[in-house]
Amino acid sequence: MEIGDCYIGWATDEEIRSKGASGGLVTAMLAAALEKELVEAVVVLKKLGEFEAIPIVTSDPEEVKAAAGSMHSVPIVLSRYLEYGTKVALPAKPCDARATIEQAKRQQVNLDTTYIIGLNCGGTMHPAVTRKMLETIYKLDPEEIAGEEIDKGKLIFETKDGKEHAIKIDELEEEGYGRRESCQYCAINIPRMADLACGNWGVIGDLAGKGTFVEVNTEKGIEILQNAIDSGAVEITPADEKGKAIREKVDSAMQKVAASAHEKYLAPIEGSHLDYYMNTLSDCINCGACKTVCPVCACGEAAKCTDFYSQALGYKMSLFHLVRFVHLMDSCIGCGQCTDVCPVDIPLTHLYRRFAEPLQEEFDYTPGVDMRTPPFFGVDLIED
Amino acid sequence: MDENIFTTVCPGCSMACGMYIREKEDGTIDIDWRKDAVVNAGKLCRFGVRLPHNLKPATSMVDGNEADLADAVAAAGTAIGDGAVFVSVGNTTCEEHLALMKLAESKNAVVNTGMGAFSRIPSECHPTMGVGIPFDAIESAKKIVLFIDPYEQYPLLVRRILAAKKNGAEVTAVGWKAVSLADENKVIGPDQYEAELALDSDSVIIADLNPSSDPEQVMVLLNLAKKSGAAIIFMKPFVNAVGCDLASKHTEQKSFDQIIEEIDSGEIKTLVCLDTDLIEIMPDETAVREALKKLDNLIVITSRESTITDVANIVVATEPLYRKAGTVVNAEGRLLVGSGTGTDGIDAIGTMIGQPVDLFSELHAAVLATVGIDSVDERVIPAYEKPEYAVMEASPTAEAVETALVYAYNPFLWNGIIDDNDFVEMNLDMVLANSLLKGIPVKLTSDRGDVMVGFKVSDVAPGIVLSNAKLPVTTGMVTSVTVSR
């Protein structure tokens, strides 16, 4: 096995295969990594309901197996749950993987001991929006939902009576539902920065729906996949050229959709920029949730954004936000967490992207895709 | 790696926002966002976000010395005799509150929830004072009148009101400080409400009910809702104030002012507080401290360390709210249950009444029976019923003072926490008239003495000094002060 190889893989355990997405390869690899003591812990989402899951750090393979299956309505970035020094594996959407790499640049995560199993991602949905969408668009009771999947541009819900209900994602998004805004314009669908990039795109023929396409990106990727094969948890077969081409085609199509959404959502600001930012931030209640949840922030309590800000100052625009906008210009990955948790529904990710994108474009720098640091990262301002 | 994760609600106010608490091996906690929470979609205000920094567990104490829980319970059981007075504002579960009610009944007493307005206002109004309009329904109101500052007091209401505005609602705020999301801000008296606010049956009134609320003012708002046909919600500062009120079945109760007066006069010798800190809750902290010194027994059953645990004779330390088994009811009447299974508090109270085991099941069944349901489903909410009561005579009295120090009640203030709130607000005219300088604290002087405190220029009514934190110069809900450099 070599870096760059592509395979189709699946779990050998029938239960994992049927419960996990696309043949249960990822679940089987994570469980095998624990069972063979390749890692001490795995970060997974513990399912609490059809729209609810909580990240857990577990060393119990059974908890990993129980977490099998994708959950598009649980938009959480898992990198916040990693601890430095622990030998750990995690399933990672592109934003999970990118946040993990950014944390590694800030010495919060040791990549040498972190196995990132990337998952292709076309976007996630906020559970509250999903529930409302089910009631108003699908005319379904959210409590009757038994499962969901995204296939061929459609969002499909399965109800407990076994019926499937599909609507085109484009149509849902026209109505203000569907994927979170930041997911709609995210152009990174295949997590090639992860040790492995897994997904169902490019799985064709008899294996369609039964196997996972996996691209090997690093030596660690080889290690964790080989570990699962050696332990008998996983079987693989080389991916064929047609499958690879289809995978690229899907990715390319998704990127075009993202570019179009980017144009729609991040169109130039009309009128005064100052007014725009002041108005958009006017309802901020100074909760600090955006900082707390940010998966690339590593400042902790002693942070520039909080140290230079006090509610008593009474400036027309919050210094907290201004400092954060600037501080995150080189590291914002557009994951959408800040918008999700904002208690007054300020579209914060949108604002951060408006600051970050010009700089990231200027320096041809995309945070979280490799260990390269931006030009001014860690500059010592005091000359000898 | 080893941690316990609890599904729970934020203890900050009667929104009862859903959240997760991660409790680590060393006992420290982190919060996490429960995005599927029906009340708040996982969003939290600063109080919720800062909970790990501010929530300090209580320690059992007897006569100033650290004690085992069992010893503290035994000491409390001995000290609580007939004549004891019991208080619980709703900072705990319905079940634990009911346990205290059982203990109080065994001493021929009731549990006072501190909402004095309930005892002063006809009982037919109590359902309306208790359970309000569902938060979702706020979003479809045509007109909203705020008698609160949502940004300060109940921040998770802001997004509901903003959503209503997007849907075309007109928002009017009545209060000392301009509310930026309001289309119109008014400083008007109760006699002007009806004419100035022009409410109708598509309107929603959002108000606040707390232990210091003037019952006459509450009656004015109830009248306003009744006459106009508007829906109304009274938010409360305690997470389970509604549940404790329902559990108490509106028994004749004393206000906290009455209780403090009776302690001061020597009528009350033993006070039992369940997760209730009168020093934090009452506006005149100094008077409360002085009164509490006169008690023979101050017994505090509590899950958190606070000002009152420092002065109590006995502290019975229970598990934090997130670890407790049981239910809370929020301001919209939604019964919520967390994943906690702890019954330390209930068992402690059970021991005091001679029923040390399995009291929880009995109490939980009683809660369900009171609410009229078989099981808890957080997505089910009682249908809102428009007010059913007769219009009342009401004449609120406003204390006339030249410069008034008033509190901007927020969750930090109710919990005695200094956060980023240690400043007062006043308008520019007051700042200029007193030659105050930015960055230099202002001096506030009352009969109680003076205090230097930071200030901020805000759109506050003339003659008002609004404080976001407790100040030692305060003597009541409105304190006459002078402002100087």
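Top to bottom, those sequences are chains A and B.
My numbering puts the first residue of the first sequence at 2, with every later residue one more than the last.
My numbering puts the first residue of the second sequence at 1133, with every later residue one more than the last.
Just so you know, even glycine gets a beta-carbon here, dropped at the ideal spot from N, CA and C.
| Asked | Found |
| --- | --- |
| Chain A within 8 Å of B/Phe1555, Cβ atoms only | yes |
| Contacting residues, own chain, Cβ-Cβ under 7 Å from B/Thr1139 (five flanking each side not counted) | Tyr1152, Arg1166, Gly1470 and Ser1471 |
| C-beta neighbour in chain B for A/His127, strict 8 Å | yes |
| CB contact flag (A/Ile9, A/Ile237, <8 Å) | yes |
| For A/Ser19, three-class secondary structure by DSSP | helix |
| Distance CB(A/Pro375)-CB(A/Glu103) smaller than 8 Å | no |
| Listed by chain order, chain B residues near A/Asn287 by CB distance under 8 Å | Arg1178 and Asp1552 |
| Where the stretch 297 to 330 of chain A meets chain B: residues whose CB sits under 8 Å from a CB there | Ser311, Gln312, Ala313, Leu314 and Gly315 |
| Run of the beta strand (DSSP E) containing B/Met1562, from where it starts to where it stops | Looking at the DSSP string, B/Met1562 is not in any beta strand (DSSP E); the run it does join, the alpha helix (DSSP H), is Leu1560 to Ala1565. |
| Minimum Cβ-Cβ distance from A/Asp142 to chain B less than 8 Å | no |
| CB contact check: A/Thr293 to chain C, cutoff 8 Å | Annotation note: the requested chain C is absent from the structure, which comprises protein chains A and B. |
| Nearest to A/Lys211 (by Cα), restricted to the options A/Ile334, A/Ser19 and A/Ile157 | A/Ser19 |
| CB contact check: B/Lys1602 to chain A, cutoff 8 Å | no |
| Length of the line joining the Cα atoms of B/Pro1343 and B/Val1499 | 23 Å |
| Backbone CA spacing between B/Glu1494 and B/Asn1223 [nearest angstrom] | 21 Å |
| Nearest-angstrom beta carbon gap, A/Thr115 and A/Leu79 [assumed within contact, 8 Å] | Rounded, the Cβ-Cβ distance is 11 Å, inconsistent with contact. |
| Cross-chain neighbours of B/Val1589 in chain A, by beta carbon under 8 Å | Gly315 |
| Proximal residues of chain A, C-beta to C-beta of B/Lys1175 below 9 Å | Cys288, Ala290, Asp341, Val342, Cys343, Pro344, Val345 and Asp346 |
| Neighbour list for A/Phe52 in chain B, Cβ cutoff strictly below 7 Å | Asp1168 |
| Straight-line gap, B/Asp1164 to A/Ile223 (C-alpha atoms, nearest Å) | 34 Å |
| Check whether A/Val235 and A/Ala69 have beta carbons under 8 Å apart | no |
| Beta-carbon neighbours of A/Asp284, restricted to chain B and to distances below 9 Å | Tyr1283, Val1290, Arg1291, Leu1294, Ser1312 and Leu1313 |
| Test: B/Asp1396 CB closer than 8 Å to a CB of chain A | no |
| CB contact below 8 Å: A/Ile189 versus chain B | no |
| Unbroken stretches of the beta strand (DSSP E), 3 residues or longer, contained in the stretch 1241 to 1318 of chain B | 1275 to 1278, 1302 to 1306 and 1316 to 1318 |
| Beta carbon proximity, B/Val1371 to chain A, threshold 8 Å | no |
| Neighbour list for A/Ile57 in chain B, Cβ cutoff strictly below 9 Å | Glu1135 and Ile1137 |
| Cβ pair count under 8 Å reaching 3, the stretch 1454 to 1467 of chain B against the stretch 1369 to 1388 of chain B | yes |
| Alpha carbon of B/Ala1373 to alpha carbon of A/Glu271, nearest angstrom | 47 Å |
| Proximity winner among A/Phe52, A/Gly25, A/Lys88 and A/Asp14, relative to A/Ala209 (alpha-carbon distances) | A/Gly25 |
| A/Ala188 versus B/Val1448 - alpha carbon distance | 56 Å |
| 8 Å Cβ cutoff met for B/Asp1416 and B/Thr1191 | no |
| Check whether B/Leu1201 and B/Ala1444 have beta carbons under 8 Å apart | no |
| Residues near B/Ala1540 in its chain [Cβ-Cβ closer than 6 Å; skip 5 each side] | Glu1284, Leu1598 and Asn1600 |
| Pair within 8 Å by beta-carbon distance, B/Thr1459 and B/Thr1434 | no |
| Paired residues, beta bridge with B/Met1193 - DSSP | B/Glu1198 and B/Val1447 |
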